[in-house]
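Here's the structure, in structure tokens; my notes come after.
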Amino acid sequence: MSRITVVAEKEVRQLFKSRNVMLSALIFVVVFGIFTIPAALGGMGEAGNAMDTLGFYLVLTLGIFMGYLFTAQVFLREKQSGVIETLLCTPLSLRELWSGKVAGVTIPATLLTYFSAALITGTATIFTGETLLPSLPVLFHIIIVVPAFIAATSGLIGFTQFMLGMRENQILNFGIIFGIIFLITFVRELAGPGFSVTWGVVAATGGLALLIILATTWLTRFLSRERIMVTLPE
Amino acid sequence: MEKGEIFGYLGPNGAGKTTTLRVLLGLLSPTSGSATVLDADLVKDDATRNRVGVLMENNGLYDQLTARENLVYYARLYEVIRPADRVTELLEFVGLTGREKDLVGNFSTGMKRKLGIARALLHRPEILFLDEPTSGLDPEAQHMVRELILRLSQAESMTVFLNSHNLDEVQRTCSRVAILHQGRIRALDSVRHLTSAGRKTGFSVTLADPGQAGKAMDILSSLEGIDEVARNENVLGIMLVSVPPHEIVAALVGNGIRVEEARIQKRSLEEIYLDVMRQAEGGVA
Chain U
1 MSRITVVAEK EVRQLFKSRN VMLSALIFVV VFGIFTIPAA LGGMGEAGNA MDTLGFYLVL
61 TLGIFMGYLF TAQVFLREKQ SGVIETLLCT PLSLRELWSG KVAGVTIPAT LLTYFSAALI
121 TGTATIFTGE TLLPSLPVLF HIIIVVPAFI AATSGLIGFT QFMLGMRENQ ILNFGIIFGI
181 IFLITFVREL AGPGFSVTWG VVAATGGLAL LIILATTWLT RFLSRERIMV TLPE
Chain E
235 MEKGEIFGYL GPNGAGKTTT LRVLLGLLSP TSGSATVLDA DLVKDDATRN RVGVLMENNG
295 LYDQLTAREN LVYYARLYEV IRPADRVTEL LEFVGLTGRE KDLVGNFSTG MKRKLGIARA
355 LLHRPEILFL DEPTSGLDPE AQHMVRELIL RLSQAESMTV FLNSHNLDEV QRTCSRVAIL
415 HQGRIRALDS VRHLTSAGRK TGFSVTLADP GQAGKAMDIL SSLEGIDEVA RNENVLGIML
475 VSVPPHEIVA ALVGNGIRVE EARIQKRSLE EIYLDVMRQA EGGVA
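These protein sequences, in sequence, are chains U and E.
Letter by letter, the first sequence follows residues 1 to 234 in the working numbering.
Letter by letter, the second sequence follows residues 235 to 519 in the working numbering.
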């Protein structure tokens, strides 16, 4: 078993044991998955198209938030507690450590996002009184592209959390997360009112996620044990 | 450092002990020169990390995981063969059998330190770096940790680098010490040599009859190789330069002085440490 898998497995296990974090994540999913649907569907015209749009934007946004929430637990907490110093003394390379942590964030965040997608579909069905299922491109988006986006954003946030000190992290993490949400909204606005989720849109979103993953993987070469050590809290 | 030796790295808070450790472990770069452990620069050589065990002040444990889960995690990172067996063996070694399913977050400081030691030993390192291993522990736990360190050195020939400002601990466990002050090593020698083989040897003689003290002082004053003689009732404190202690006893007994007790006075590591600190602060060393 590779060291990446070992790290990922430990992170998943630890996240599922962190009751407060999991409870926050579940509340977030339930609140957004249930309470925003009626209002959202009411203002989106034809129900099938509205369901697709929700499946595209809301699920992606929830996924990114899940990733963001778990990243703080997985990357930042080890720096705060000082456990990272011991980990840096093991034969684990920094890229293995980073990759394992990204996988450890992506797996539970994806599971919760799938749950939120099911919740959104169920709530929308109850609210409209008709069975609303996402179209094939949106289904593909939820199953494949959203996890890739979660991995991309948590990888980028995790990388910055390794690179920066605690105060800078607090500021920058908000910047990153709201920057991504702004980008999604901006693209949505650019597409115009007649916008519908097509295979092209899904492919472009997946491509963007892939680009972020590749760029962050490349950036990890600038990560060093010393960099992490000098950014540990006193 | 010699194989199997316990090397004490002494210094006050802020002297640079932990920084030295981090430089040796490849976590920080030296401002000048280089640092090697087992002939390897750990900054560039991840493979050698498999031969090095580390226990920093933070034990490197996860509170949300059980004792066993913590050890199994590190065992798998070090690619230990049959990790479950090794974990069981080490839990027994540190006396935590029966607590393996408990969350580490519920452990006492001493138990966490024991588990931290077990973690550091998982991959059978050739050299073990310990940073203040008894810090924050009660006397019983401190004793247990010291015993563990001695067992590792004696039974497994493990080399131990012990970072500490606990002078008693260093004197009891280490064979050689370096004393650090403001980032510079001010003394480096074996504990034995530092405490007993200085330029002068302290020697005390207790007389059976205090009335013979004056005569004894006269005899000692006539001998060569004695730097200083002081009297406190029936006890004579003598600072020897070149004369061996048994000749002093022979001279006194030969002149009819009744000697009740004679004792070589070793300097404690604390005295030596304080001397070194004073000299360093005065710019002498």
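All C-beta atoms in this analysis are idealised placements derived from N, C-alpha and C, irrespective of residue type, glycine included.
Small disclaimer: the values here were computed from a predicted structure and weren't measured.
Asked                                                                                                                                                                                             : Found
Residue range of the beta strand (DSSP E) that Gly104 of chain U falls in?                                                                                                                        : Per DSSP, Gly104 of chain U belongs to no beta strand (DSSP E); it is in the alpha helix (DSSP H), Leu94 to Thr128.
By Cβ distance, which residues of its chain are closer than 8 angstroms to Val477 of chain E, with the 5 residues on each side in sequence left out?                                              : Leu457, Glu458, Gly459 and Ile460
Given a limit of 8 angstroms on CB to CB distance, which residues of the segment 54 to 88 of chain U reach chain E?                                                                               : Ser81, Gly82, Val83, Glu85, Thr86, Leu87 and Leu88
Are there 16 or more other CB atoms within 10 angstroms of the CB of Glu467 of chain E, so buried, or fewer, so exposed?                                                                          : exposed
Are there 16 or more other CB atoms within 10 angstroms of the CB of Arg302 of chain E, so buried, or fewer, so exposed?                                                                          : buried
Measure from the C-beta of Asn397 of chain E to each C-beta in chain U and report whether the shortest distance is under 8 angstroms.                                                             : no
Closer than 9 angstroms, Cβ to any Cβ of chain U: which residues of the segment 278 to 302 of chain E, in chain order?                                                                            : Asp280, Ala281, Thr282, Arg283, Asn284, Val286, Gly287, Val288, Leu289, Met290, Glu291, Asn292, Asn293, Gly294, Leu295, Tyr296, Asp297, Gln298 and Leu299
Using a Cβ-Cβ cut-off of 7 angstroms (strictly less than) and excluding sequence neighbours within five positions of Gly344 of chain E, which residues of its own chain qualify?                  : Leu371, Asp372 and Ala375
Can you find the residues in the same chain that come closer than 7 angstroms, C-beta to C-beta, to Arg406 of chain E, ignoring five residues on each side of it along the sequence?              : Arg380
Going by DSSP, which residues form a beta bridge with Met511 of chain E?                                                                                                                          : Per DSSP, none; premise fails for Met511 of chain E.
For the alpha helix (DSSP H) that contains Tyr243 of chain E, what are its first and last residues?                                                                                               : Unbroken run through Tyr243 of chain E is the beta strand (DSSP E), Ile240 to Leu244; no alpha helix (DSSP H).
Would you please verify whether the beta carbon of Arg3 of chain U is less than 8 angstroms from any beta carbon of chain E?                                                                      : yes
Helix, strand or coil for Phe395 of chain E per DSSP?                                                                                                                                             : strand
Beta-carbon of Leu349 of chain E versus every beta-carbon of chain U: anything under 8 angstroms?                                                                                                 : no
So which of E:Thr265, E:Glu390 and E:Phe363 has the shortest CA-CA distance to Phe327 of chain E?                                                                                                 : E:Glu390
In whole angstroms, give me the CA-to-CA distance for Gly250 of chain E and Arg426 of chain E.                                                                                                    : 25 angstroms
Which of the three DSSP states, helix, strand or coil, is assigned to Phe174 of chain U?                                                                                                          : helix
Looking only at its own chain, which residues have a Cβ that is under 6 angstroms from the Cβ of Ile506 of chain E, when we skip the five neighbours before and after it?                         : Leu428
Please list, in chain order, the residues of the segment 243 to 263 of chain E that have any C-beta partner in chain U closer than 9 angstroms.                                                   : Arg256, Leu259, Gly260, Leu261, Leu262 and Ser263
Relative to the alpha-carbon of Leu474 of chain E, which residue among E:Ile498, E:Gly238 and E:Leu262 has its alpha-carbon at the smallest distance?                                             : E:Ile498
My output table needs one value for Leu223 of chain U: the three-state DSSP class, helix, strand or coil.                                                                                         : coil
Helix, strand or coil for Gly534 of chain E per DSSP?                                                                                                                                             : Nothing can be reported for residue 534 of chain E: it is not among the residues displayed for chain E, which extend from 235 to 519.
If you draw a straight line from the alpha carbon of Arg420 of chain E to that of His377 of chain E, how long is it in whole angstroms?                                                           : 28 angstroms
In chain E, which residues lie with their C-beta within 9 angstroms of the C-beta of Ser18 of chain U?                                                                                            : Gln298
What residues from chain E crowd round Leu92 of chain U, counting only those whose CB sits closer than 7 angstroms?                                                                               : Leu311
Considering just the uninterrupted stretch of the alpha helix (DSSP H) at Leu88 of chain U, what are its terminal residues?                                                                       : Val83 to Leu88
What separation, rounded to the nearest whole angstrom, lies between the Cα atoms of His141 of chain U and Phe75 of chain U?                                                                      : 27 angstroms
Is there a C-beta anywhere in chain U that falls below 8 angstroms from the one on Tyr507 of chain E?                                                                                             : no
Using the C-alpha atoms, what's the distance from Ile351 of chain E back to Asp402 of chain E?                                                                                                    : 20 angstroms
CA-CA distance, Arg353 of chain E and Thr113 of chain U?                                                                                                                                          : 36 angstroms
Leaving aside the five residues before and after Val145 of chain U along the sequence, list all residues of the same chain whose C-beta is less than 7 angstroms from its C-beta, in chain order. : Val202, Thr205, Gly206 and Ala209
My parser needs the alpha helix (DSSP H) runs of 4 or more residues fully inside the segment 403 to 466 of chain E; what are they?                                                                : 425 to 430 and 447 to 456
Could you check what DSSP says for Leu349 of chain E in three-state terms: helix, strand or coil?                                                                                                 : helix
From E:Gln513, E:Val314, E:Leu441 and E:Asp509, pick the residue whose C-alpha is nearest to that of Ile491 of chain E; which is it?                                                              : E:Leu441
Could you tell me the alpha carbon to alpha carbon distance between Val518 of chain E and Met235 of chain E, rounded to whole angstroms?                                                          : A caution first: Val518 of chain E carries a pLDDT of 47, below 50, which makes its placement in the model unreliable, though a value can still be read off. One C-alpha to the other measures close to 27 angstroms.
Leaving out five residues on either side along the sequence, give the residues of the same chain with a beta carbon under 6 angstroms from the beta carbon of Val257 of chain E.                  : Pro264 and Ala269
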